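Engineer: First, the structure itself, so that you have it in front of you.
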Amino acid sequence: MKALKHLNKYFYKYRYRLIVGIIITIIAKIFALFTPRLIGASINVISEKFSGTISQEDFESQLITNIIYLIGAAIIAGLFTFLMRQTIINVSRYIEFDLKNEVYKHYQVLSLSFYKSNRTGDLMNRISEDVGKVRMYAGPAIMYTINTVTLFTVALTQMISTAPKLTMYTMLPLPILSFIIYKLSRLINHRSKIVQESLSGLSSYTQEQFSGISVIKSYTIEPSVNNEFEILSSENRQKQIDLAKVQAFFFPLMILLIGVSNLLVIFIGGKQYIDGEIESIGTIAEFIIYVNMLTWPVATVGWVTSIVQQAEASQKRINEFLEQEPEIKNTVDEATAIEGRIEFNNVSFTYPDTNITALKNVSFQLEAGEKLAILGMTGAGKSTILDLIGRLYDTQEGEIKVDDKLITNINLFNLRESIGYVPQDAFLFSDSIKNNIMFGKEDATEEEVIEAAKNARVHKNIIGFKNGYNTILGERGITLSGGQKQRVSIARAIIKSPDILLLDDCLSAVDTETEEKILKNLERISHNKTTIIVSHRISSAKNADKIIVLDEGRIIQSGTHQTLKKTEGYYRDLYLKQRSEKEM
């Protein structure tokens, strides 16, 4: 139960609802327990009529009165049972809502390294399947536990006051039941954890295959993918069956033990009635009803135990993520305006998940409003510089300054709010094109959206679609071509009108002519805005105020286009190669 202590704050939050639910539960069970007494009394009246100790008039009067009380008690018990479910079960839905929000918000603050070391399917499974298991504990498990405790307390009190010896024999099987539950619950806890882990693996696999369906189809590897899925499904099925086998012991054992209790009531109660220890035959009927009323609560003990064990396993998995601290933290509450001056001083960076050193002693300065172009081979560390400016990672050596302040001493959210970032791999959400562009500015007008699309040279493509800007994109923007996705991503960044614009090789999928037009628009839009362009094309870099060339994480060349094209090295070679290709 240690992991489930995390939910105590939610129980406290909704304590008044729970208290009302408990009171309603007690009232419902008290009225429900009128039934055995009234039926026992009615049987006694019938017995007295047959023995001739009561008149016809008294017989009818008492019997009708008992029936009226019986109906009234049943209606009131039913009403309060309905209210019980409305209070306690609703609380579980509130807790489910709060817990999902807590998990999701925590996901949002965790660093990129967390997402690189955990699979998407597992993240989804913990916020859906695992939270669902926990909800069952916060609702049905608590409700039936309160119901069982209340019913047992009230029923046992009535039974002991009526026939103490018969009560003892009737309750005899319960300790055996408790011992069996204890043994089985430990096994259920272990197997529940295995099942949840298996479900996470299955979810991760299917999510990955659906995301890469185009690759699967193009390489015609559907049969092998299906085989792998079948293997994982079979393993999951077997683990589910192993869990179900253990859970299947509960109800047969409970029904058997309840049946034994009924036999004891009939045998011991009948013997006591014959011996005169019990005054009326109605007491036996009353006890049989008590036993049968306790059948479901006793049966739910096993079910509730199973729910608690599964919830414990699921909450433990949820806590594993909730206890992870984000590597990137906001240490400054005060928000200040960002001008855009950027400085790297001997910055070195190694990715924690791969131990690949991406940058080695990188130093450069960029004044506010200037434009920097970064070129180099694949894997040279170009994108890493942009990630460090946005504090997606923190550097291990050296220092990064923005507006002459250490980047760690600037409000994190304020810093990112001032940045417009177009990643190398353009990511679009499964939403309308308009909303994807407005992602950069949620309160943007339709005119601003269109203007941003025009500047990104994608407006004509959009209006060519049947639904124009309201066209719903497929997952990850699969509806659009590579170039169209890049240009929508550019529109999303420039509509924000950021102080710092980071462009990570975002024109690689467009033709040279379109690239030139976009660059001219960006030149106009980004006037007096700090801009960093990562590219493999000289055409994207030539108009920058400064150019640096990276190789294996080190700056091997720096200067302007005019100086670098005349200097022997990587930049000149690339310039001559691309110029000859253009002339051809």
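Numbering (full-length UniProt numbering), first residue to last: 1 to 584. Note that beta-carbon positions come from the ideal geometry of N, C-alpha and C, so glycine has one too. Given the structure is predicted, the values throughout are model-derived calculations rather than measurements.
#1: Under the rule that 16 or more other beta-carbon atoms within 10 Å means buried, what is PHE349, buried or exposed?
#2: Quick test of the definition: if touching needs 3 or more C-beta pairs under 8 Å, does the segment 76–88 touch the segment 19–39?
#3: At 4 residues or longer, what runs of the alpha helix (DSSP H) sit wholly inside the segment 526–560?
#4: Given a cut-off of 8 Å on the beta-carbon distance, is the pair VAL488 and VAL458 in contact?
#5: Any idea if LYS29 is buried or exposed, counting beta-carbon neighbours within 10 angstroms, 16 or more meaning buried?
#6: Which same chain residues end up closer than 7 Å to ILE289 when comparing Cβ atoms and leaving out the 5 residues on each side of it in sequence?
#7: Can you check DSSP and say which residues form a bridge with LEU280?
#8: Are three or more beta carbon pairs between the segment 339–355 and the segment 498–505 nearer than 8 Å?
#9: Grouping DSSP H, G and I as helix and E and B as strand, with all else coil, what is TYR351?
#10: I'd like the span of the alpha helix (DSSP H) that includes GLU57, first residue to last.
#11: By the 10 Å Cβ neighbour count, where 16 or more other Cβ atoms means buried, how is ILE221 classified, buried or exposed?
#12: Pull up the DSSP beta-bridge partners for GLU397, would you.
#13: Out of LEU172, SER580, ILE127, which has the shortest C-alpha to C-alpha gap to SER203?
#14: Here's a check: name, in chain order, each residue in its chain whose Cβ is nearer than 6 Å to the Cβ of LEU99, leaving out the five neighbours to either side.
#15: Given a cut-off of 8 Å, decide if SER432 and THR479 are closer than it, judged by their beta-carbon atoms.
#16: Along the chain, which unbroken stretches of the alpha helix (DSSP H) at least 4 residues long are found entirely within the segment 434–491?
#17: May I ask which residues mark the beginning and end of the beta strand (DSSP E) holding GLY390?
#18: If you draw a straight line from the alpha carbon of LYS401 to that of VAL308, how long is it in whole angstroms?
#19: Would you decide whether ASN355 is buried or exposed? Buried here means 16 or more other CB atoms lie within 10 Å of its CB.
#20: Just mark LEU406 as buried or exposed, buried being the case when its beta carbon has 16 or more other beta carbons within 10 Å.
#21: Out of curiosity, what's the CA-to-CA distance linking VAL134 and ILE26?
#22: Could you please give me the residues that DSSP links to LEU503 through a beta bridge?
#23: Is THR162 helix, strand or coil when you go by DSSP?
#24: Determine the extent of the beta strand (DSSP E) in which ALA358 is found, giving its start and end residues.
#25: For the alpha helix (DSSP H) that LEU412 lies in, which residues bound it at each end?
#26: From the DSSP output, read off the bridge partner residues of SER432.
#27: Taking the beta carbon of ARG391 as the centre, do at least 16 other beta carbons fall within 10 Å, making it buried, or is it exposed?
#28: DSSP state of ALA373, grouped into three classes?
#29: If we ignore side chains and look at the alpha-carbon of each, how far apart do TRP303 and GLY121 end up?
#30: Under 8 Å: do the segment 187–201 and the segment 235–253 share three or more Cβ pairs, one atom per stretch?
#31: Between the beta-carbon of ASP531 and the beta-carbon of LYS371, is there less than 8 Å?
#32: Along the chain, where does the alpha helix (DSSP H) containing PHE427 start, and where does it finish?
#33: Would you kindly report the start and end of the unbroken alpha helix (DSSP H) that includes MET124?
#34: Let's test the definition: count the other Cβ atoms within 10 Å of the Cβ of PHE427 and tell me whether it reaches 16, buried, or not, exposed.
#35: Please classify ARG317: is it buried, with 16 or more other beta-carbons within 10 angstroms of its beta-carbon, or exposed?
#36: Reducing DSSP to helix, strand and coil, say where VAL402 ends up.
Structural biologist: If we stick to the structure as given:
#1: buried
#2: yes
#3: Secondary structure remark: continuous alpha helix (DSSP H) runs of at least 4 residues inside the segment 526–560, in chain order: 538–541.
#4: yes
#5: buried
#6: Counting only Cβ-Cβ distances below 7 Å, and skipping sequence neighbours, we find THR35, PRO36, ILE39.
#7: A small correction: the amino acid at residue 280 is Ser; Leu does not occupy that position in the sequence shown. Paired residues: none, contrary to the question.
#8: yes
#9: Of the three classes helix, strand and coil, the one that applies to TYR351 here is coil, per DSSP.
#10: Unbroken alpha helix (DSSP H) run through GLU57: 56–109.
#11: exposed
#12: SER348
#13: ILE127
#14: VAL131
#15: no
#16: For the segment 434–491, whole alpha helix (DSSP H) runs of length 4 or above, ordered along the chain, are 446–455, 459–463.
#17: Premise fails: GLY390 is in no beta strand (DSSP E) and is neither H nor E.
#18: 51 Å
#19: An exposed status is given to ASN355, since fewer than 16 other beta-carbon atoms sit within 10 Å of its beta-carbon.
#20: exposed
#21: 25 Å
#22: Looking at the DSSP assignment, LEU503 forms a beta bridge with VAL422, ILE533.
#23: helix
#24: 357–366
#25: 412–417
#26: ILE472
#27: buried
#28: In the three-state reduction of the DSSP assignment, ALA373 falls in the strand class.
#29: 28 Å
#30: yes
#31: Just to set this straight, residue 531 is Thr in the shown sequence, not Asp. Result yes, Cβ atoms of THR531 and LYS371 sit closer than 8 Å.
#32: Premise fails: PHE427 is in no alpha helix (DSSP H) and is neither H nor E.
#33: 120–125
#34: Exposed, by the Cβ-count rule.
#35: buried
#36: The DSSP-derived three-state label of VAL402 is strand.
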